[in-house]
Amino acid sequence: MKRKLTWYDLVALGVGGMLGVGVFVTTGPVARKTSGPSVFISYIIAAVSALLSSLCYTEFSVDVPVAGGAFSYLRVTFGEFVGYFAGANILMEYVLSNAAVSRSFTEYLSCAFGRNDPNSWRIHVHGLMQGYNMLDFPAVALIIVLTICLCHSTKESSMLNLIMTAFHVVFFGFIIIAGFCNGKVENLVKPGGIAPYGVRGILDGAAIVYFSYIGYDTVSTMAEEIKNPSKTLPLGIVGSVLIVSALYCLMALSLCLLLPYNMIPKGASFSAVFELMGWKWASNVVGAGASLGIVASLLVAMLGQARYLCVIGRARLVPSWFAKVHPTTGTPLNATIVLGICQASIALFTELDIVIEMISIGTLLVFYLVSNALIFRRYVILSKNPPLHTLLFLFLLSSTSFAFSLSWKFKLHWWNLMLFAGLTFFAIVIFQYFVPMIIMERQESWLVPFMPWPATISIFLNVFLMTTLKMVAYKRFGIWACVITIFYVLYGVHSTYHAEEILEMIVVDNVNVNSSTQQQITKVDIQLL
């Protein structure tokens, strides 16, 4: 693909991808029912987890500067199936979340025009199942328009996102200034203090608001279209996470300054708060600004999802037709159109509540795998250590993190938490001391500092957040995992093997023509070619 994007394009893409519907949906309910006024601390904890995961993504994206994100990183580290499994889950998360978010666009846009009923622009169809019976044609129209934009050009799409993101940041500034100028500090401590639900409420709130940070990984999928990746990608990924974290914390604080946490409305909290204060015009402005933020977030997510499918198609794990890039625009046209059709079909029928749990578990699982892959890459692939020690450490780390998370979830005695936290810390220290890490810095490289601590903390936090999900999410995920595994066995394995046979014949023919010596070409060699 054509390298057109600069660091400010990436920052705008990352900010635009995260500043979407999440903060408008999660902040009010979490403040009212989970964290209280300390919801801004929940955002800080979630930001730490997102930042650590983004550091792992950054190192991989600099050293593997091709499109595909987690799929490409995990494929070169853990093999084809793990990469395919992660790529399929990220693709599922993109399609479902984009379809659901596009329906939220309809709700906020109707608020901008003074409609209080979120379903006022939808068509109710009798006879369909609850949750699928409200047809949303504005959401479908939005997806069609954005798909056309993305088919035209990546650079023009990023410029459109840059403009919308700039307006969106100004809109966030309006909410923050209004909250700090018109709010009262006493609303942060009355009633019940700044943390009425205690430390547990703050941490449980962090697991919920993490949804607002989903989107930064989209930047890494654009690596093949970035100028000077080793310098541009760290600025784009880390910079966008830091900017969004600051904005989210200030947004949460401004909301809790305007009203006591127990009076904050559950739905469309920011718009409803201004309406309760008598600022009808401000409520309409917030509805319009939220709609613009959703469009920017949707544009970035749709931009990234096509790159995932394109790279999976290159690997022949899905039909290679998806990997074709238009010669004029330099965009994956086929993948963009097919995914747009899938999203529009889901957005027409399906409510957000039905897919939200599936979105979370798929995303957190991929972030968990990438953090594991970074440790394996540093200590085994680059440092040439035996893999057994590192694999044993990763298994022990995941086990103790899971045990700690279950102890927290089921409210076991405090000594259980201390025991598993101590075992986790002790395992990291022993691993760092006894397993050497050889650092070979290259000119075009970027390494995560203080390894293995950032990656191990990221693993711990991702496991902790995954255990907060409901059982229904794991049942749906189990069905999805079976489907994509069966597809891999029936199609992916045979397709990639056939492609390798063809490539081996071509390489052997070239060797026969250009040299009289024969060489053994292994399957790994062909994959590298």
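The sequence shown stops at residue 533 when you use our numbering, and every number in between is there.
For glycine and all other residues, C-beta sits at the position ideal for the given N, C-alpha and C.
8 Å CB neighbourhood of residue i in its chain, flanking five on each side removed
i	result
G202	none
S287	C115, S275, A276, F278, E279
W325	G317, N338
M22	S216, Y217, I218, G219, Y220, S244, V245, V248, S301
L532	At L532, the pLDDT of 38 sits below 50, so the modelled position is not reliable and the matter cannot be decided from this model.
S101	I218, A305, V359, I363
N452	First, the amino acid is wrong: residue 452 is Val here, not Asn. For V452, where only same-chain residues beyond five positions count, the Cβ hits under 8 Å are L59, C60, T62, E63, L378, P458, A459.
Cβ pair residue i, residue j closer than 9 Å
i	j	result
R311	P336	yes
P556	L192	As displayed, the chain neither begins before 5 nor continues past 533, which places residue 556 out of reach and without an answer.
V149	I298	no
L263	L251	no
L373	A90	yes
G20	M255	no
T30	F215	yes
I241	Y220	yes
N420	S53	no
M138	H128	yes
L154	L303	yes
I432	T460	yes
L95	V189	no
V329	C346	no
L56	P458	yes
I147	A103	yes
V290	F371	no
T500	E84	yes
S234	W450	yes
F408	T428	yes
G344	T151	yes
Neighbourhood of residue i by C-beta distance below 7 Å, restricted to the same chain and skipping five residues each side
i	result
V476	E361
S124	S114
S387	P440, M441, I442
Option in the options with minimal Cα separation from residue i
i	options	result
G26	A319, L398, A210	A210
D67	T236, P391, Q347	T236
V80	F44, K479, R382, V433	R382
A425	P390, F468, L146	F468
A182	V359, L257, I379, L400	L257
K479	G334, Q436, V359	V359
M2	I463, N466, Q436, F464	Any question about residue 2 goes unanswered here, given that the chain covers just 5 to 533.
L4	K188, I45, G187, S249	Since the first residue shown for the chain is 5 and the last is 533, residue 4 is missing from the structure and cannot be characterised.
L416	R204, W11, G187, Y12	R204
N259	K231, W11, F28, G18	The amino acid at residue 259 is misidentified as Asn; the sequence shows Leu. If we check each option's Cα against that of L259, F28 comes out closest.
L410	W457, F464, L451	F464
I442	I385, F406, F414, W450	I385
Y136	M96, F64, E355	E355
F353	F64, G32, Q134	Q134
G543	S403, W484, T428	The chain is shown only over 5 to 533; residue 543 falls outside these bounds and no answer can be derived.
D156	R126, I341, K194, P238	Inspection of the sequence shows that residue 156 is occupied by His rather than by Asp. Checked all of R126, I341, K194, P238; the closest Cα to H156 is I341.
T10	G282, C486, N232	N232
V15	V173, T110, I152, F64	V173
V282	N186, S65, L368	A small correction: the amino acid at residue 282 is Gly; Val does not occupy that position in the sequence shown. Checking every option, the nearest Cα to that of G282 belongs to N186.
L369	F109, S462, F491, V43	S462
S65	P323, L239, K284, P195	L239
6 Å Cβ shell around residue i - same chain, five flanking residues per side excluded
i	result
Q524	Per-residue confidence for Q524 stands at a pLDDT of 41, beneath the threshold of 50, marking its modelled position as unreliable; no derived number is given.
R107	D140, A143, A351
T521	Confidence at T521 is low in this model, with a pLDDT of 38, below 50, so its placement is unreliable and no value can be given for it.
V512	Confidence at V512 is low in this model, with a pLDDT of 47, below 50, so the placement of that residue is unreliable and no value is reported for it.
A92	I488
Y98	A305, Q309
G87	F75, L78, R79
V321	For clarity, residue 321 is Leu in the given sequence; the question names Val instead. Only Y88, G496 meet the Cβ criterion.
Y47	V213, Y252, C253, A256
Proximity test, residue i beta-carbon vs the ligand ATP heavy atom, cut-off 8 Å
i	result
Y47	As for the ligand ATP, it is missing from this structure, which has no ligand bound.
*Counting pairs of beta carbons, one from the region 260-269 and one from the region 36-50, are three or more of them closer than 8 Å?*
yes
_contact_flag[the region 111-126, the region 285-296] where n(CB pairs < 8 Å) is 3 or more_ = yes
_Residue ranges of each alpha helix (DSSP H) within the region 274-327, 4 or longer_ = 284-318
*Does the pairing of the region 47-67 with the region 366-384 give three or more beta-carbon distances under 8 Å?*
yes
_Validate contact between the region 394-407 and the region 236-247 using beta carbons, cut 8 Å, 3 pairs_ = no
*Uninterrupted alpha helix (DSSP H) stretches inside the region 379-420 (no shorter than 4 residues)*: 391-413
*Which runs of the alpha helix (DSSP H) spanning at least 4 residues fall entirely within the region 330-375, listed in chain order?*
337-353
*asked:* To test your reading of the DSSP string, which unbroken alpha helix (DSSP H) runs of 4 or more residues are found completely within the region 454-486?
replied: 457-470
*Please specify which runs of the alpha helix (DSSP H), each continuous and at least 4 residues long, are wholly inside the region 67-149, giving them in chain order.*
74-82, 84-116
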